[in-house]
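*Asks:*
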Amino acid sequence: WTPIEGFAFTDILYDRTEGIARITLNRPQVHNAFRPETLEEVMRALRHARFDSSVGVVILTGAGTKAFCSGGDQSVRGDDGGYKDEAGVHHLNALDLQREIRTCPKPIVAMVAGWSIGGGNVLQLLCDITIAADNARFGQTGPKVGSFDAGFGAGLLARTIGVKKAKEVWFLCRQYDAQEALEMGWINAVVPLDRLEEETIAWCRRMLELSPTALRILKTAFNADSDGLAGVQELAGNATALFYMTDEGQEGRNAFLEKRAPDFSKFPRRP
Ligand code: 2NE
5 WTPIEGFAFT DILYDRTEGI ARITLNRPQV HNAFRPETLE EVMRALRHAR
55 FDSSVGVVIL TGAGTKAFCS GGDQSVRGDD GGYKDEAGVH HLNALDLQRE
105 IRTCPKPIVA MVAGWSIGGG NVLQLLCDIT IAADNARFGQ TGPKVGSFDA
155 GFGAGLLART IGVKKAKEVW FLCRQYDAQE ALEMGWINAV VPLDRLEEET
205 IAWCRRMLEL SPTALRILKT AFNADSDGLA GVQELAGNAT ALFYMTDEGQ
255 EGRNAFLEKR APDFSKFPRR P
């Protein structure tokens, strides 16, 4: 892994190998719980990876083997509608990161060892693929700690593991081991802890061999219905981008710039 320079991150690590960018939540003293600054850094790294054309896949993980992420840092949870940053401003920017995971056109793989809990587990859910170590444990704690995620945390979970199971997860706040999570369809694979990185990289390499455009459009397709019109917009944006690459799309632009009427007559009206 080679560190990606140019960022003064305090809460995350950001590095790469081959075409894979890795973002690591790095607050092991609190099981990688996030504060607003942590999520801001993750979003900056994710945007960087998105715009780096040599990156095809992103891994989101947690430092150490004890936790992927334990959700929002309860010690900076304020009384004013969010988690306080160092300036005292309240945020719920976990929701912003959720959107950015959805809209990043590259596959994002959660590599999970240990605890995947609360808002951290919602981030895991949002990732496109999850590879877990056999020591991973999953769960939501919201109703226990005075919180809930009634957006993707509830709705997407229900679509992923079924409504009854999703209600169980939230209404009982139990924890589930990696094998149980796999059986529910919550995650994609369970591997021994000492093979977690190797196996995750193998999954990433497989995706790197495939068509980036096909993966991009499939990701938006999987998200389109659950994201409503914003999801349709994402999917449609891909159609526009592809159309811009055609002679037919370029004829309209060229005609405008050349101050002439466009001639679309040579383009077929396909069945
Ligand atoms: C994760 C879990 C089950 C682990 O238990 P255990 O016994 O293995 O570890 P322990 O001792 O609880 O944790 C180790 C240290 O990490 C801190 C603990 O306070 C402890 O610190 P020290 O006593 O050593 O000083 N720690 C762990 N999680 C933390 C957290 N989230 N915030 C601050 N410090 C944390 C157990 O630790 C646990 O249940 N953690 C809390 C999980 C939780 O409730 N997370 C928040 C859910 S709400 C949320 O994430 C959210 C949302 O609902 C909506 C929007 C945004 C966020």
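Residues 5 to 275 in full-length UniProt numbering are what the sequence shown spells out, letter by letter. From the three backbone atoms N, C-alpha and C, an ideal C-beta is built for every residue, glycine too.
For H94 and L64, what's the separation of their Cα atoms in angstroms?
*Replies:* Position 90 of the sequence shown holds residue 94. Position 60 of the sequence shown holds residue 64. Cα-Cα distance, rounded: 24 Å.
*Asks:* For the ligand 2NE, is there a heavy atom less than 6 Å away from the beta-carbon of T65?
*Replies:* On the sequence shown, position 61 is the one that residue 65 refers to. Not so, every heavy atom of the ligand 2NE lies at least 6 Å from the Cβ.
*Asks:* Between the region 125 to 135 and the region 182 to 197, do three or more beta carbon pairs fall short of 8 Å?
*Replies:* Flag = yes, the region 125 to 135 and the region 182 to 197 touch.
*Asks:* Skipping 5 residues on each side, what residues in its chain have a beta carbon closer than 8 Å to that of C177?
*Replies:* Residue mapping note: residue 177 aligns to position 173 of the sequence shown, counting from 1. Cβ within range, chain order: G143, Q144, T145, G146, P147 and K148.
*Asks:* How long is the line joining the alpha carbons of G241 and A140, rounded to whole angstroms?
*Replies:* As a working note, residue 241 is residue 237 in the sequence shown. As a working note, residue 140 is residue 136 in the sequence shown. The straight-line gap from Cα to Cα measures roughly 37 Å.
*Asks:* Let's test the definition: count the other Cβ atoms within 10 Å of the Cβ of R31 and tell me whether it reaches 16, buried, or not, exposed.
*Replies:* Counted from its first residue, the sequence shown places residue 31 at position 27. Classification for R31: buried.
*Asks:* Using the rule of at least 16 other Cβ atoms within 10 Å of the residue's Cβ for burial, across every protein chain shown, is T14 buried or exposed?
*Replies:* Here residue 14 refers to the residue found at position 10 of the sequence shown. Result: exposed.
*Asks:* Let me check understanding here. Comparing Cα to Cα, which of E9, A12, E22 and Q33 lies closest to E213?
*Replies:* The residue you call residue 213 lines up with position 209 of the sequence shown. Measuring from the Cα of E213, the nearest candidate turns out to be E22.
*Asks:* Flag T69 as yes when its Cβ comes closer than 6 Å to any non-hydrogen atom of the ligand 2NE, and as no otherwise.
*Replies:* Position 65 of the sequence shown, counted from the first residue, corresponds to residue 69. Result no, Cβ not under 6 Å from the ligand 2NE.
*Asks:* As a quick exercise: from G85, A53 and D89, pick the residue whose alpha carbon is nearest that of T42.
*Replies:* Sequence index remark: in the sequence shown, residue 42 carries index 38 (1-based). Looking at the Cα atoms, D89 is the closest of the given residues.
*Asks:* Runs of 4 residues minimum, wholly inside the region 97 to 131: which ones carry the alpha helix (DSSP H) assignment?
*Replies:* Listed in chain order, they are 98 to 107 and 122 to 130.
*Asks:* Whose C-beta lies closer than 6 Å to the C-beta of G85 among residues of the same chain, with five residues either side of it excluded?
*Replies:* Indexing the sequence shown from 1 puts residue 85 at position 81. These residues qualify, in order along the chain: H94.
*Asks:* May I ask which residues mark the beginning and end of the alpha helix (DSSP H) holding L233?
*Replies:* For the purposes of this step, residue 233 is taken as residue 229 along the sequence shown, with counting starting at 1. Counting along the chain, the alpha helix (DSSP H) containing L233 begins and ends at G232 to Y248.
*Asks:* In whole angstroms, give me the CA-to-CA distance for V116 and S74.
*Replies:* By one-based count along the sequence shown, residue 116 stands at place 112. By one-based count along the sequence shown, residue 74 stands at place 70. If I take the Cα positions, the gap works out to 11 Å.
*Asks:* Which residues mark the beginning and the end of the alpha helix (DSSP H) in which Q179 is found?
*Replies:* Numbered from 1 along the sequence shown, position 175 holds the residue referred to as residue 179. Segment Q179 to D181 is the beta strand (DSSP E) holding Q179; no alpha helix (DSSP H) there.
*Asks:* Give me the residue from A67, L99, T164 and D83 with the minimum Cα distance to F226.
*Replies:* As a working note, residue 226 is residue 222 in the sequence shown. It is T164 whose Cα lies nearest to the Cα of F226.
*Asks:* Just how far apart, CA to CA, sit G92 and P7?
*Replies:* To locate residue 92, count along the sequence shown from 1; it is residue 88. To locate residue 7, count along the sequence shown from 1; it is residue 3. Taking the straight line joining both Cα atoms gives about 31 Å.
*Asks:* For A185, which option in G155, K169, A259 and T107 has the closest C-alpha, if you only look at C-alpha atoms?
*Replies:* What you label residue 185 is simply residue 181 of the sequence shown in a count that begins at 1. Minimum Cα distance to A185 is reached at K169.
*Asks:* When the distance is taken between beta carbons, is C108 closer than 7 Å to R54?
*Replies:* Residue numbering aside, residue 54 sits at position 50 when the sequence shown is read from its first letter. Residue numbering aside, residue 108 sits at position 104 when the sequence shown is read from its first letter. Cβ distance < 7 Å, so R54 and C108 count as in contact.
*Asks:* State the start and end residues of the unbroken beta strand (DSSP E) segment that holds F175.
*Replies:* Residue numbering aside, residue 175 sits at position 171 when the sequence shown is read from its first letter. Where F175 is concerned, there is no enclosing beta strand (DSSP E), although the alpha helix (DSSP H) it sits in stretches over V167 to L176.
*Asks:* Regarding T42 and the ligand 2NE, is the C-beta to nearest heavy atom distance less than 6 Å?
*Replies:* Working through the sequence shown from its first residue, we reach residue 42 at position 38. No, the ligand 2NE has no heavy atom inside 6 Å of this Cβ.
*Asks:* In this structure, how does DSSP classify P7 when only helix, strand and coil are distinguished?
*Replies:* As a working note, residue 7 is residue 3 in the sequence shown. Of the three classes helix, strand and coil, the one that applies to P7 here is strand, per DSSP.
*Asks:* Taking V62 as the reference, which of K70, Y18, L239 and V34 has the closest Cα?
*Replies:* Residue 62 sits at position 58 when you count from the first residue of the sequence shown. Out of K70, Y18, L239 and V34, Y18 has the C-alpha closest to the C-alpha of V62.
*Asks:* Could you spell out where the alpha helix (DSSP H) holding T204 opens and where it closes?
*Replies:* Position 200 of the sequence shown holds residue 204. Counting along the chain, the alpha helix (DSSP H) containing T204 begins and ends at L200 to L212.
*Asks:* Rounded to whole angstroms, how far is the Cβ of A98 from the Cβ of F38, which I believe are closer than 8 Å?
*Replies:* Within the sequence shown, residue 98 is the residue found at index 94, counting from 1. Within the sequence shown, residue 38 is the residue found at index 34, counting from 1. Contact holds; Cβ gap of about 7 Å.
*Asks:* Nearest by alpha-carbon distance to residue 1: which of V34, I112, L96 and D231 is it?
*Replies:* An answer regarding residue 1 cannot be provided, because it is not within the stretch 5 to 275 covered by the chain.
*Asks:* Terminal residues of the continuous beta strand (DSSP E) containing G85?
*Replies:* Counting from one through the sequence shown, the residue named residue 85 turns up at place 81. It is not in any beta strand (DSSP E) - G85 carries neither H nor E in the DSSP assignment.
*Asks:* Look at the alpha carbon of S57 and the alpha carbon of I121, and state the distance between them as a whole number of angstroms.
*Replies:* As a working note, residue 57 is residue 53 in the sequence shown. As a working note, residue 121 is residue 117 in the sequence shown. So the alpha carbons of these two residues sit roughly 32 Å apart.
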